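K.L.:
Can you read through this structure? Questions will come right after.
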Amino acid sequence: MLLTSSDNLPTKIVLLGNPGVGKSTIYNTLLGRRASESGVSIAGGLTNAARSSPLGRFVYVDTPGIDDVYNCKNATREVSAALRGPCRVKLVFVTTLESGRVRSGDLATLATVLDELRHVVGNIDDRYLLIINKCEDSVYNSLLDEFTKVKTRTRVLAPFKALGGISRFALIRREPTASGKANVLLRDTNIERLRDVIVATPTIKLPYNPILHLDFTNFGHCKNEIEEDIKVFYNTYDRALQLNNSRGGISDPEYCAPRSLVSEVDGERGLGRFRRGMGKLIELLAGLEPWVGLAQMACSLVLAFL
Numbered sequence: 001m002l003l004t005s006s007d008n009l010p011t012k013i014v015l016l017g018n019p020g021v022g023k024s025t026i027y028n029t030l031l032g033r034r035a036s037e038s039g040v041s042i043a044g045g046l047t048n049a050a051r052s053s054p055l056g057r058f059v060y061v062d063t064p065g066i067d068d069v070y071n072c073k074n075a076t077r078e079v080s081a082a083l084r085g086p087c088r089v090k091l092v093f094v095t096t097l098e099s100g101r102v103r104s105g106d107l108a109t110l111a112t113v114l115d116e117l118r119h120v121v122g123n124i125d126d127r128y129l130l131i132i133n134k135c136e137d138s139v140y141n142s143l144l145d146e147f148t149k150v151k152t153r154t155r156v157l158a159p160f161k162a163l164g165g166i167s168r169f170a171l172i173r174r175e176p177t178a179s180g181k182a183n184v185l186l187r188d189t190n191i192e193r194l195r196d197v198i199v200a201t202p203t204i205k206l207p208y209n210p211i212l213h214l215d216f217t218n219f220g221h222c223k224n225e226i227e228e229d230i231k232v233f234y235n236t237y238d239r240a241l242q243l244n245n246s247r248g249g250i251s252d253p254e255y256c257a258p259r260s261l262v263s264e265v266d267g268e269r270g271l272g273r274f275r276r277g278m279g280k281l282i283e284l285l286a287g288l289e290p291w292v293g294l295a296q297m298a299c300s301l302v303l304a305f306l
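The sequence shown maps to residues 1 to 306 in this note's numbering.
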């Protein structure tokens, strides 16, 4: 998309995600200083505001978390302001796992932001980066292990893949020294590698108009629907793992994908896109050879271990 005749548009690296995922810690680490409490509010908010700091040819932006009942309205305003054009943007979504599982709130936030961006710039598939932060050693190591990586990638990454158009992931180990602390830096992460991965993320050009208007009025409903779908996915996944070797797959009707998961609900918009994607994954798991198709999907993903 051509925006202006000039190639001198600023390039923002925008960190998005929910409260507590570690955006500010990553932001501080990228800048090499504890800056998250001293930046300038983009939209004029006095608390829980987006912060921005220039470094080299990029402007790094740390946004407040959206899945926060007390701050959702202000956070939405700040994120919308951070994505206001004309500018070039490298989108970085930060998430964490809960007991090795994807959190429904993270998926709902990602689905909502991506849905609105598609209305503004069209196809953005594979043009953003997902960082899974605070990754436990057991999950991190199993993603590296030759014998377990396909099944672990399926368990951890498939729900994100169900949103469509994402293949770039980066994983950051949990650092105990940073856990629960504000305004700290990551010490054990390969920072240069992290910067390289972010810089290599494709750039999205945002026009001056229309301004991005994020709508989180149905966020709670979206989150609840995604939570139910995730439960079905993990139940089917665990059952497939148990029965795959002995029976070659799952044939019990109760473990097949519910019709609601593969329907045309909501067209191609966020929730509908996710539910169809999850339905296809569950059908693969419920098939006779579930790991064949899933292995192809898992191995096609681009992972950076940091």
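Don't be surprised by glycine CBs; every beta carbon is placed ideally from N, CA and C.
As the structure is a computational prediction, the values presented were derived from the model and not from experiment.
When you compare the CB positions of residue 26 and residue 58, do they come within less than 7 angstroms of one another, or not?
P.N.:
Position 26 of the sequence shown, counted from the first residue, corresponds to residue 26. Position 58 of the sequence shown, counted from the first residue, corresponds to residue 58. Not in contact: residue 26 and residue 58 (Cβ atoms no closer than 7 angstroms).
K.L.:
Here's the rule: buried if 16 or more other CB atoms are within 10 angstroms of the residue's CB, otherwise exposed. What is residue 65?
P.N.:
The residue labelled residue 65 in the question sits at position 65 within the sequence shown. With 16 or more other Cβ atoms within 10 Å, it is buried.
K.L.:
For residue 111 versus residue 163, is the C-beta distance shorter than 7 angstroms?
P.N.:
Within the sequence shown, residue 111 is the residue found at index 111, counting from 1. Within the sequence shown, residue 163 is the residue found at index 163, counting from 1. Cβ distance < 7 angstroms, so residue 111 and residue 163 count as in contact.
K.L.:
Measuring only the C-alpha atoms, how far is residue 10 from residue 242?
P.N.:
Within the sequence shown, residue 10 is the residue found at index 10, counting from 1. Within the sequence shown, residue 242 is the residue found at index 242, counting from 1. Rounded to the nearest angstrom, the two C-alpha atoms are 52 angstroms apart.
K.L.:
Which residues does DSSP list as the beta-bridge partners of residue 92?
P.N.:
As a first step, residue 92 must be located in the sequence shown, where it is residue number 92. According to DSSP, which records beta bridges pairwise, residue 92 is partnered with 15 and 129.
K.L.:
For residue 29 versus residue 185, is the C-beta spacing smaller than 7 angstroms?
P.N.:
Position 29 of the sequence shown, counting from 1, holds the residue named residue 29. Position 185 of the sequence shown, counting from 1, holds the residue named residue 185. The answer is yes: Cβ separation under 7 angstroms.
K.L.:
Within the continuous beta strand (DSSP E) that includes residue 172, where are the two ends?
P.N.:
Counting from 1 along the sequence shown, the entry for residue 172 is found at position 172. Element bounds for residue 172: 168-173.
K.L.:
Determine the DSSP secondary structure at residue 304, reduced to helix, strand or coil.
P.N.:
Your numbering for residue 304 matches position 304 in the sequence shown. Of the three classes helix, strand and coil, the one that applies to residue 304 here is strand, per DSSP.
K.L.:
Spatial neighbours of residue 173 within its chain, please: CB distance less than 6 angstroms, with the 5 preceding and 5 following residues excluded, ordered by chain position.
P.N.:
On the sequence shown, position 173 is the one that residue 173 refers to. These residues qualify, in order along the chain: 135 and 140.
K.L.:
Do you know offhand how far residue 76's Cα is from residue 67's?
P.N.:
By 1-based counting over the sequence shown, the position of residue 76 is 76. By 1-based counting over the sequence shown, the position of residue 67 is 67. So the two alpha carbons sit approximately 10 angstroms from each other.
K.L.:
Identify which residue in 224, 100 and 171 has its Cα closest to the Cα of residue 131.
P.N.:
Taking the sequence shown and counting its residues from 1, one reaches residue 131 at position 131. Checked all of 224, 100 and 171; the closest Cα to residue 131 is 171.
K.L.:
My output table needs one value for residue 229: the three-state DSSP class, helix, strand or coil.
P.N.:
Here residue 229 corresponds to residue number 229 of the sequence shown, with the count starting at 1. Residue 229: helix per DSSP, three-state reduction.
K.L.:
Starting from the Cα of residue 165, find the closest Cα among 151, 214 and 126 and give me that residue.
P.N.:
One-based indexing of the sequence shown puts residue 165 at position 165. Here the closest residue by C-alpha is 126.
K.L.:
Could you pull out every residue in the same chain whose Cβ sits closer than 6 angstroms to the Cβ of residue 222, ignoring the five residues on either side in sequence?
P.N.:
Along the sequence shown, one-based indexing puts residue 222 at 222. Closer than 6 angstroms at Cβ, skipping near neighbours: 108 and 271.
K.L.:
For residue 58, name the three-state secondary structure that DSSP assigns.
P.N.:
Translated into the one-based positions of the sequence shown, residue 58 becomes position 58. In the structure shown, residue 58 sits in a strand (DSSP, three-state: E or B).
K.L.:
Among 80, 15 and 240, which one has its Cα closest to the Cα of residue 151?
P.N.:
To locate residue 151, count along the sequence shown from 1; it is residue 151. Of the candidates 80, 15 and 240, the one whose C-alpha sits nearest the C-alpha of residue 151 is 240.
K.L.:
Flag residue 226 as yes when its Cβ comes closer than 6 angstroms to any non-hydrogen atom of the ligand GTP, and as no otherwise.
P.N.:
The ligand GTP is absent from the structure shown, which contains no ligand whatsoever.
K.L.:
Have a look at the DSSP bridge pairing and note the partners of residue 205.
P.N.:
On the sequence shown, position 205 is the one that residue 205 refers to. DSSP, once it has assigned bridges, lists 88 as partnering residue 205.
K.L.:
Following the continuous alpha helix (DSSP H) through residue 110, name the residue where it begins and the one where it ends.
P.N.:
Stepping through the sequence shown from its first residue, residue 110 is reached at position 110. Start and end: 104-121.
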